[in-house]
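For the sequence shown, position 436 matches number 433 in the numbering used here, and the numbering has no gaps at all. For each residue, glycine too, the CB sits at the ideal point set by N, CA and C.
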Amino acid sequence: MSSFSSSSLPSSNLPVKPIPGDYGLPFFGAFKDLLDYFTTRKKGNSNKSKLYIYPQISFVAKIMLKARNFICFYNQGQDEFFHSRVTKHNSTVFKTNMPPGPFMASNPRVIALLDAASFPVLFDTSKVEKRNVLDGTFFPSVKFTGGHRVCAYLDPSEPNHTALKSYFLSVLAKKHDNFVPLFRTCLSELFIDVEDEMANKREANFNTLNDQMSFNFFVRLFSDKKQVDSIIGPKLFDKWLFLQLAPLMTLGVPKLLNFVEDFLLHTFPLPSFLVKSDYNKLYEAFYAFSGSVLDEAETFGINREETCHNLVFLAGFNAYGGSKTLFPALIKWVGLAGEKLHRQLADEIRTVVKAEGGVTLSALDQMVLTKSVVDEALRIEPPVPFQYGNAKVDMVVQSHNAAFEIKKGDMIFGCQPFATKDPRVFDSPEEFVGQRFVGDQGEKLLKYVYWSNGRETNDPTAENKQCPGKNLMVLLSRVMLVELFLRYDTFTVEAGKLMLGSSVTFKSLTKATST
């Protein structure tokens, strides 16, 4: 099932080598890397065919294309950006620039770690500082969060971090008994909507329906009154998220419009006033309807207003934003895996639920294959692809083949999809293998699943930067599969790409013939 062995781990006697790569000329090197990163080369859609379709502008277009490719090297896209550099340097550790580039980043220069051996240094807060690096090489205006640097942007060494993280963990612990019944209620609403859309259109867009379901769940979870989700809606969160994350996005525009996209999204931060009224609605709703949750903040010595801004961020950015990528990826990979895996999941889920008399935490814990499938989806498509940190001290970081000196103050960047698809750790790393984490050998691999800013085998604490909702999101993913296969025997999907994560459309649903 995997190539994991003690020999997969780096040796302590590896030679120390200079970090390969460079940052290019000031400004221009970062600008070139920006253009390489955000432009996707589309196979089977050559420039020649475009010129043939529009012969009247072929000469002008040809000049523009050649000039642009010569000056700006618009020719890679995210995956090729990393693959080409690994190949060029024959190393999974190298120097490069990361978006949003020289216009917005205070320092776009990073040391990239793209393997399972080197990546975990980013979890060690004794060596790496996590101040203002949630979004990478740039820091969105605090005006998006009511003038406060919320917990996600704080380093554990900052006094407020421990208080806020402890508060989050306490709130989630007290809501523990609500997780499964509330999420099952929201999933029931989701699947009713899916079936209605299938009946009307013969297909159902999962992303849109999932956004509404996720919004309903997290808003209801943190509020005291049910009507709050009728006062605000997911569109408010979507707009707020987009304006903050736009510098890291690409809209997938035609190549000739890449300059326009770069100017609009990657040159200047989008102003917070465009979403000020929407954010105020979110804040006021949480302040009015989350009284009991906010009351608890006083026991941690946190100001009520600051707590509410942090709660909006936790619910909207961390939880809702994470769900926009996590749940579609789960449904996509399970759907594409096919009917054989669906039968195995349905058999396990229905057998355990029947024996336990319902969908309980005890029942979920017994579903070994279901657990493995969720972990495999998190491995192959982590909901947050990147991690950043600034070196607090001089250190030596080891890849599988060499050791590298990183100096205090260097920014370190880790690409999780590369680390969690490391061929030195996982067999067939690009393949979705539902049974990958089943059994003793499979469980040993869980420590190489890094989606939550920490190892899957670790838990979030007030002192680390692991996502406070990590265990909750794993639980919800399992419940989603349970509800899916209690209702349906099999299903098919069509998958694509969005600005954030995967797009998923149900193409068929076969209702359960037995339960």
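Buried or exposed: which applies to VAL370, given that a residue is buried once 16 or more other Cβ atoms fall within 10 Å of its Cβ?
Working through the sequence shown from its first residue, we reach residue 370 at position 373. Burial call: buried.
Check whether the segment 340 to 359 and the segment 443 to 450 are in contact - that is, three or more C-beta pairs closer than 8 Å.
Of all C-beta pairs linking the segment 340 to 359 to the segment 443 to 450, fewer than three are shorter than 8 Å, placing the two stretches out of contact.
For GLU491, which residues from the same chain have a beta carbon less than 8 Å from its beta carbon, with the 5 sequence-adjacent residues on both sides left out?
Counted from its first residue, the sequence shown places residue 491 at position 494. Close CB contacts of GLU491 within its chain, under the 8 Å cut and outside five residues either way in sequence, are with GLU200, VAL501, THR502 and LYS504 (chain order).
Indicate whether PRO244 and PHE135 have their beta-carbon atoms separated by less than 8 Å.
As a working mapping, residue 244 is identified with position 247 in the sequence shown. As a working mapping, residue 135 is identified with position 138 in the sequence shown. Taking 8 Å as the Cβ cut-off, PRO244 and PHE135 qualify as a contacting pair.
Residue interval of the alpha helix (DSSP H) (run including MET392):
Position 395 of the sequence shown holds residue 392. No alpha helix (DSSP H) holds MET392; the beta strand (DSSP E) holding it covers 392 to 395.
Span separating the alpha-carbon of PRO12 from that of GLY313
Counted from its first residue, the sequence shown places residue 12 at position 15. Counted from its first residue, the sequence shown places residue 313 at position 316. The alpha-carbon separation between PRO12 and GLY313 amounts to approximately 45 Å.
Where ASP174 and ALA352 are concerned, what is the direct C-alpha to C-alpha distance, given to the nearest angstrom?
Along the sequence shown, read from residue 1 onward, the residue named residue 174 stands at position 177. Along the sequence shown, read from residue 1 onward, the residue named residue 352 stands at position 355. Each residue's Cα considered, the two are about 21 Å apart.
Under the assumption that PHE176 contacts LEU469 (Cβ atoms under 8 Å), give the Cβ distance between them as a whole number of angstroms.
Translated into the one-based positions of the sequence shown, residue 176 becomes position 179. Translated into the one-based positions of the sequence shown, residue 469 becomes position 472. Contact check for PHE176 and LEU469: beta-carbon distance about 6 Å, within the 8 Å limit, so the pair qualifies.
Quick one: Cα of GLU302 to Cα of PRO457, how far?
Walking along the sequence shown from the start, residue 302 turns up at place 305. Walking along the sequence shown from the start, residue 457 turns up at place 460. Approximately 25 Å between the Cα atoms of the pair.
Could you have a look at TYR385 and say whether DSSP puts it in helix, strand or coil?
As a first step, residue 385 must be located in the sequence shown, where it is residue number 388. When secondary structure is reduced to three states using DSSP, TYR385 falls in the strand class.
Tell me which residues share the same chain as LYS232 and place their Cβ nearer than 6 Å to its Cβ, disregarding the 5 neighbours each side in the sequence.
Walking along the sequence shown from the start, residue 232 turns up at place 235. Once the five neighbours on either side are set aside, LYS232 has no close Cβ partner at all.
From LYS508 to LEU358, what distance separates their C-alpha atoms?
In the sequence shown, residue 508 corresponds to position 511, counting from 1. In the sequence shown, residue 358 corresponds to position 361, counting from 1. The C-alpha of LEU358 is placed about 25 Å away from the C-alpha of LYS508.
Roughly how many angstroms separate the alpha carbons of LEU248 and SER88, rounded to a whole number?
For the purposes of this step, residue 248 is identified with residue 251 of the sequence shown, where counting begins at 1. For the purposes of this step, residue 88 is identified with residue 91 of the sequence shown, where counting begins at 1. Those two C-alpha atoms are separated by around 30 Å.
How would you write the range of the beta strand (DSSP E) that VAL546 sits in, first residue to last?
With the chain covering only -2 through 512, there is no way to say anything about residue 546.
Give every residue of the same chain whose Cβ lies closer than 6 Å to the Cβ of LEU261, excluding the five residues on either side of it in the sequence, and list them in chain order.
Residue 261 sits at position 264 when you count from the first residue of the sequence shown. For LEU261, where only same-chain residues beyond five positions count, there are no Cβ hits under 6 Å.
What residue ranges within the segment 137 to 209 form continuous beta strand (DSSP E) runs of no fewer than 3 residues, ordered along the chain?
Fully enclosed beta strand (DSSP E) runs of 3 or longer: not present.
Given that a residue counts as buried once 16 or more other Cβ atoms are within 10 Å of its Cβ, and exposed if not, what is THR417?
By one-based count along the sequence shown, residue 417 stands at place 420. Buried.
Inter-residue spacing [alpha-carbon to alpha-carbon] between GLY498 and PRO380:
Taking the first residue of the sequence shown as position 1, residue 498 is located at position 501. Taking the first residue of the sequence shown as position 1, residue 380 is located at position 383. Rounded to the nearest angstrom, the two C-alpha atoms are 7 Å apart.
Residue burial classification, LEU187 (beta-carbon count within 10 angstroms, cutoff 16)
Position 190 of the sequence shown, counted from the start, is the residue given in the question as residue 187. Its Cβ being crowded by 16 or more others within 10 Å, LEU187 is buried.
Is the number of C-beta pairs between the segment 134 to 152 and the segment 420 to 429 that are closer than 8 Å three or more?
Here the segment 134 to 152 makes no contact with the segment 420 to 429; the two share fewer than three CB pairs at distances below 8 Å.
Put ARG82 into one of helix, strand or coil per three-state DSSP.
Translated into positions along the sequence shown, residue 82 becomes position 85. Look at ARG82 here: in three-state DSSP terms it is helix.
Cβ atoms of LEU442 and PHE434: under 8 Å apart, would you say?
Numbered from its first residue, the sequence shown carries residue 434 at position 437. Numbered from its first residue, the sequence shown carries residue 442 at position 445. Going by C-beta atoms, PHE434 is nearer than 8 Å to LEU442.
If you draw a straight line from the C-alpha of VAL479 to the C-alpha of VAL290, how long is it?
Counting from 1 along the sequence shown, the entry for residue 479 is found at position 482. Counting from 1 along the sequence shown, the entry for residue 290 is found at position 293. For VAL479 and VAL290, the distance between alpha carbons rounds to 29 Å.
Quick one: measure Cβ to Cβ for LEU110 and PHE410, integer angstroms, because I've assumed they're closer than 8 Å.
On the sequence shown, position 113 is the one that residue 110 refers to. On the sequence shown, position 413 is the one that residue 410 refers to. Going by Cβ atoms, the distance from LEU110 to PHE410 rounds to 7 Å, so yes, they are a contact pair.
Are the beta-carbon atoms belonging to TRP516 and ILE377 less than 8 Å from one another?
Absent from the model: residue 516. The displayed extent of the chain is -2 to 512, so no value can be given.
Confirm, please, whether the CB-CB distance from VAL83 to MET408 is below 8 Å.
Translated into positions along the sequence shown, residue 408 becomes position 411. Translated into positions along the sequence shown, residue 83 becomes position 86. One thing to note: MET408 has its Cβ no nearer than 8 Å to the Cβ of VAL83.
State the DSSP-derived secondary structure class of VAL290, mapped to helix, strand or coil.
What you label residue 290 is simply residue 293 of the sequence shown in a count that begins at 1. Helix.
Applying the criterion that 16 or more other CB atoms from any shown protein chain within 10 Å of the CB defines a buried residue, is LEU254 buried or exposed?
If you number the sequence shown from 1, residue 254 lands on position 257. Burial check for LEU254: the Cβ neighbour count within 10 Å stays below 16, so the residue is exposed.
Is it buried or exposed, ILE16, if we count other Cβ atoms within 10 angstroms and call 16 or more buried?
Within the sequence shown, the letter at position 19 stands for residue 16. It is buried - the Cβ of ILE16 has at least 16 other Cβ atoms within 10 Å.
Endpoints, alpha helix (DSSP H) assigned at ILE377:
As a working note, residue 377 is residue 380 in the sequence shown. Annotation for ILE377: the continuous alpha helix (DSSP H) segment containing it runs 365 to 377.
Helix, strand or coil: how does DSSP classify ASP486 here?
The residue given as residue 486 occupies position 489 in the sequence shown. Three-state result, ASP486: strand.
Would the segment 277 to 289 and the segment 200 to 214 be scored as touching if the rule is three or more Cβ pairs under 8 Å?
Cβ pair count under 8 Å is below three, so no.
Quick one: is GLN438 buried, meaning 16 or more other Cβ sit within 10 Å of its Cβ, or exposed?
The sequence position of residue 438 within the sequence shown is 441, counting from 1. Classification of GLN438: exposed, given that the 10 Å Cβ count is below 16.
For GLY431 versus ALA360, is the C-beta spacing smaller than 8 Å?
In the sequence shown, the residue the question calls residue 431 occupies position 434. In the sequence shown, the residue the question calls residue 360 occupies position 363. In this structure, ALA360 does not lie closer than 8 Å to GLY431 by Cβ.
Measuring CB atoms only, is the segment 315 to 332 touching the segment 293 to 302, in the sense that at least three cross pairs come out at less than 8 Å?
In the pairwise beta carbon analysis, the segment 315 to 332 is classified as not touching the segment 293 to 302: fewer than three pairs are separated by under 8 Å.
Distance between SER211 and GLN241 (C-alpha atoms, nearest Å)
Here residue 241 refers to the residue found at position 244 of the sequence shown. Here residue 211 refers to the residue found at position 214 of the sequence shown. Roughly 20 Å separates the two Cα atoms.
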